[in-house]
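As you go down the protein sequences, you meet chains A and B in turn.
Each residue of the first sequence is one higher than the one before, counting from 1079 in this note's numbering.
Each residue of the second sequence is one higher than the one before, counting from 32 in this note's numbering.
The structure under discussion appears below in the form of structure tokens.
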Amino acid sequence: MKSDITFGQYVEGNSVIHRLDPRVKIVISLVYIVAIFLAKSVTAFILLTVSSAVFVVMTGISPRLILRSMKPLLFIIIFTAVINLFFMTGENPVFEWRFIHIYREGIINACLIVLRIVLLITATSVFLTYTTTPLALTDALEQLLSPLKKLHVPVHEFSMMMTIALRFIPTLIDETQKIINAQTARGADFTSGGLIKRGKALVPILIPLFISAFRRADELATAMECRCYTGGEGRTRMNTLKSKPKDWVFFFCILLLTAGIVLLNIFFPLYTVLK
Amino acid sequence: MNAIEMRHVSFAYGSAKNGPTAKKALDDISLAVESGGITGLIGHTGSGKSTLVQMINGLLKPDEGEVLLDGVNIWAEPKKIRQFRFKAGLVMQYPEYQLFAETVAEDIAFGPKNMGLEKDELDRRVREAARFAGLADDLLQKSPFDLSGGQKRRAALAGVIAMRPKILILDEPAAGLDPAGRRDILGGIKRFSRESGTTVLIVSHSMEDMAMYCDDIIVMAHAKILMHKPTAEVFSDWEQLASVGLDVPLITRVAAALIENGVDIGRDVYTVDYAVGKVRELLGENPES
Ligand SMILES: Nc1ncnc2c1ncn2[C@@H]1O[C@H](COP(=O)(O)OP(=O)(O)O)[C@@H](O)[C@H]1O
Ligand SMILES: [Mg+2]
């Protein structure tokens, strides 16, 4: 019943990547993701793998931790690999047995697609989830999207909602555990019976949880109003984001990398089979 | 036989289990609580009181050691742990937040229903529990969310009493109540214990409350048990209590000051009535007058 819930995946650290401006990190990860999708030839993938490895080393986070973040996606990775392996047709058959035909192109393609997924996960882990706190991310997103305010998109309000939600997730998890304990102490049983019985068993947990969440929301709203919160208009911040030269250097490197990928695709199109 | 017994129980929470910050919430705890009495459990915040009481009804499982109720190891057959939850009823801290049903009566019936009890017996249990907890009959058909704070607390207490546990454990039952509310709820618990013979374990911060209602007291400090003695003896050891950041009842402090100034009132003073009698005796007055 007791579970260890650490919220988010942020890993405390003080590396260059940790200290990058979160806005730049969001833009960098978008560009890097585009680069990963642009890569077609094996040479381009080699460049991406090397650069990703360098980034991982730069964060100082153990590679094992990054591998662990792929666990939930293991099924999808294996599934795509198998599909590519068996259904890709080509010119160089490697193995044939009854209805199974495996071609060299299929093998290479399966490997590259798996590599692509691994690179995507590594990139988001390295730039976003592992090195940036969820709060910094929301802040950065608010500022990146602030031009949309001109179109009357309530960017500040959305970001405030996100921030509050993030703040209360651990509190609610704590509270859920307490309520589960209290009902278990009265003999509630959540682990036996059919679907309907188990669904019903959740009522004694959900109702107190909702009530307390509404109570908290109400108290928070009152507290915010007491301090004259009226929304985003004219609001200043305690921590303003400033991009420093190293942010721009990093950004420039990623752009160079992307250009490199395109050039490798064109000039060294080794095994370019990805469709 | 001992109603509750713990033998060398140790426990650490998941997040504190390994690594450099490993810290035990319970460290080699052994204790025995006799049947029928009211035992107090005191200790500074974070000393492990809530953890200890959750061991007794099997909400938490010891990393090492055993927990026995009436001489039976509760984890001998983990599948049957539920029967010990009914045997040792636990009222958690701030239990008013666990209420969920449409009416107070239904909420009180939740525990007994989980035991498999039916209509008539349920009704009887609800009524009886409400009476012990001091809930008026006309409140039973109300929504629990319409009750006052103190009434909610009592409804939650009734929900546990209705299971007729042989052992009733209360985690800070009087926290956040005004003096009248504290007296009501603790008085009700004492009456319930005396009438039904239920063994009661009360966790509390308030030395005054403990002195008033408990037969013996367990003192915890830093995940260990510091002492377990009859109430009078615990408070007579005020130097040791102070050393772990605990206070003694105000009247005991008065007695301590008197002793320091050469008035031999005795170290076993912990209720005002007793102190008044003692002072009269010293003054040579007739205690009856
Ligand atoms: N759910 C939990 N997860 C992790 N640590 C906990 C949890 N509950 C309590 N602790 C820790 O265990 C220790 C004992 O806590 P607790 O039993 O609640 O003490 P008390 O009730 O005496 O204040 C404290 O150090 C506390 O931080
Ligand atoms: Mg506690």
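Ideal Cβ placement from N, Cα and C applies to all residues, glycine included.
Residues of the region 1251 to 1285 of chain A whose Cβ lies closer than 9 Å to any Cβ of chain B, in chain order: E1253, K1256, I1257, N1259, A1260, Q1261, T1262, A1263, R1264, G1265, A1266, D1267, V1281, P1282, I1283, L1284, I1285
Any chain B beta carbon closer than 8 Å to G1091/A: For the purposes of this step, residue 1091/A is taken as the residue at position 13 of the first sequence. No, because no Cβ of chain B sits closer than 8 Å to the Cβ of G1091/A.
Near ligand 2: Q182/B beta-carbon under 7 Å from a heavy atom: Indexing the second sequence from 1 puts residue 182/B at position 151. No.
Residue-chain proximity (K1080/A, chain B), Cβ-Cβ < 8 Å: Taking the first residue of the first sequence as 1, we reach residue 1080/A at position 2. Low per-residue confidence applies at K1080/A: pLDDT is 33, beneath 50, and the placement is therefore not dependable, though the value from the model is reported in the following sentence. Cβ-Cβ to chain B under 8 Å: yes for K1080/A.
Chain A within 8 Å of Q182/B, Cβ atoms only: Position 151 of the second sequence, counted from the first residue, corresponds to residue 182/B. No - not a single Cβ of chain A is within 8 Å of the one on Q182/B.
Start and end residues, alpha helix (DSSP H) containing N1343/A: As a first step, residue 1343/A must be located in the first sequence, where it is residue number 265. That run of the alpha helix (DSSP H) goes 1323 to 1345.
Distance CB(L303/B)-CB(L277/B) smaller than 8 Å: Within the second sequence, the letter at position 272 stands for residue 303/B. Within the second sequence, the letter at position 246 stands for residue 277/B. For clarity, residue 303/B is Val in the given sequence; the question names Leu instead. No; because the gap between Cβ atoms is not below 8 Å, this pair is not in contact.
Status (buried if at least 16 other CB within 10 Å, exposed otherwise) for K183/B: For this step, residue 183/B is matched to residue 152 along the second sequence. It is buried - the Cβ of K183/B has at least 16 other Cβ atoms within 10 Å.
Three-state class that DSSP yields for K1080/A in the structure shown: Start at 1 with the first residue of the first sequence, and residue 1080/A comes out as number 2. Residue confidence is low: K1080/A scores 33 on pLDDT, short of 50, so the model does not pin down where it sits. Its coordinate-derived value is still stated next. In the structure shown, K1080/A sits in coil (DSSP, three-state: anything other than H, G, I, E or B).
Any non-hydrogen atom of ligand 1 closer than 7 Å to Y44/B Cβ: Within the second sequence, numbered from 1, the residue matching residue 44/B stands at position 13. Yes, the Cβ of Y44/B comes within 7 Å of a heavy atom of ligand 1.
N-terminal and C-terminal residue of the alpha helix (DSSP H) that K309/B is part of: Mapped onto the second sequence, residue 309/B falls at position 278. Segment 303 to 313, the alpha helix (DSSP H) holding K309/B.
Burial state of K118/B, where buried means 16 or more other Cβ atoms lie within 10 Å: Counting from one through the second sequence, the residue named residue 118/B turns up at place 87. Answer is buried; the Cβ neighbour count reaches 16.
Euclidean distance between Cα positions of L1122/A and A1188/A: Mapped onto the first sequence, residue 1122/A falls at position 44. Mapped onto the first sequence, residue 1188/A falls at position 110. The residue you asked about is not Leu; residue 1122/A is Ala in the sequence shown. Spanning the two alpha carbons is a distance of roughly 16 Å.
Cβ-based contacts, 7 Å cut-off: residues of the region 96 to 124 of chain B near chain A: R113, R116, F117, L121, M123
Per-residue burial, F1205/A [other beta carbons within 10 Å of its own, 16 or more giving buried]: Within the first sequence, numbered from 1, the residue matching residue 1205/A stands at position 127. Counting Cβ neighbours within 10 Å, F1205/A comes out buried, since at least 16 surround it.
CB contact check: S1321/A to chain B, cutoff 8 Å: Taking the first residue of the first sequence as 1, we reach residue 1321/A at position 243. No, no contact with chain B.
Under 9 Å from the C-beta of F141/B: neighbouring residues of chain A: In the second sequence, counting from the first residue as 1, residue 141/B sits at position 110. Those are Q1261, R1264, G1265, A1266, P1282, listed as they occur along chain A.
Helix, strand or coil at Y128/B [DSSP, three-state]: The sequence position of residue 128/B within the second sequence is 97, counting from 1. Y128/B: helix per DSSP, three-state reduction.
Simplified DSSP state of S61/B, which is helix, strand or coil: Within the second sequence, numbered from 1, the residue matching residue 61/B stands at position 30. Three-state DSSP puts S61/B in a strand.
Cβ-heavy atom distance, G74/B to ligand 1, below 7 Å: As a working note, residue 74/B is residue 43 in the second sequence. Answer for G74/B: yes, Cβ within range of ligand 1.
Members of the region 242 to 276 of chain B near chain A, C-beta cut-off 7 Å: none
Closer than 7 Å: residues whose CB approaches a heavy atom of ligand 2: K80/B, S81/B, Q124/B, D202/B, E203/B, V234/B
Unbroken alpha helix (DSSP H) run spanning I1114/A, endpoints: By 1-based counting over the first sequence, the position of residue 1114/A is 36. Note, I1114/A: alpha helix (DSSP H), 1100 to 1116.
D1325/A, buried or exposed, once every other Cβ within 10 Å from all chains shown has been counted against 16: As a first step, residue 1325/A is located in the first sequence; it is residue number 247 there, counting from the start. Buried is the call here.
Cβ of S1290/A within 8 Å of any chain E Cβ: Considering every chain present, this structure includes no chain E. Its protein chains are A and B.
Nearest-angstrom Cα separation, counted from T1202/A out to F1134/A: Residue numbering aside, residue 1134/A sits at position 56 when the first sequence is read from its first letter. Residue numbering aside, residue 1202/A sits at position 124 when the first sequence is read from its first letter. Sequence check: residue 1134/A is Val here, not Phe. Rounded to whole angstroms, V1134/A to T1202/A spans 11 Å at the Cα level.
Distance cut-off 7 Å: S41/B Cβ against heavy atoms of ligand 1: Against the second sequence, residue 41/B aligns to sequence position 10. Not so, every heavy atom of ligand 1 lies at least 7 Å from the Cβ.
At least 3 beta-carbon pairs within less than 8 Å: the region 192 to 209 of chain B vs the region 172 to 179 of chain B: no
From E239/B, A242/B, V103/B, D246/B, residue whose alpha carbon lies closest to that of R225/B: Taking the first residue of the second sequence as position 1, residue 225/B is located at position 194. Closest by alpha carbon: D246/B.
Heavy atom of ligand 1 within 7 Å of S78/B beta-carbon: Residue mapping note: residue 78/B aligns to position 47 of the second sequence, counting from 1. Yes, the beta carbon of S78/B sits closer than 7 Å to at least one heavy atom of ligand 1.
CA-to-CA distance, H1234/A to L1222/A, given in whole angstroms: The sequence position of residue 1222/A within the first sequence is 144, counting from 1. The sequence position of residue 1234/A within the first sequence is 156, counting from 1. When rounded, the distance between both Cα atoms is 11 Å.
Cβ pair count under 8 Å reaching 3, the region 109 to 127 of chain B against the region 57 to 66 of chain B: no
Residues that DSSP places opposite W106/B in a beta bridge: By 1-based counting over the second sequence, the position of residue 106/B is 75. According to DSSP, W106/B bridges with nothing at all.
Contact check, A34/B vs S81/B, beta carbons under 8 Å: As a working note, residue 34/B is residue 3 in the second sequence. As a working note, residue 81/B is residue 50 in the second sequence. No, they are not a contact pair.
Local conformation of F1085/A per DSSP, three classes: Here residue 1085/A corresponds to residue number 7 of the first sequence, with the count starting at 1. With a pLDDT of 48 at F1085/A, under the threshold of 50, the modelled position of this residue cannot be trusted; read the value that follows with caution. Coil.
Which residues DSSP lists as bridging P1171/A, in chain order: The residue given as residue 1171/A occupies position 93 in the first sequence. In the DSSP output, where bridge partners are listed per residue, P1171/A has Y1181/A.
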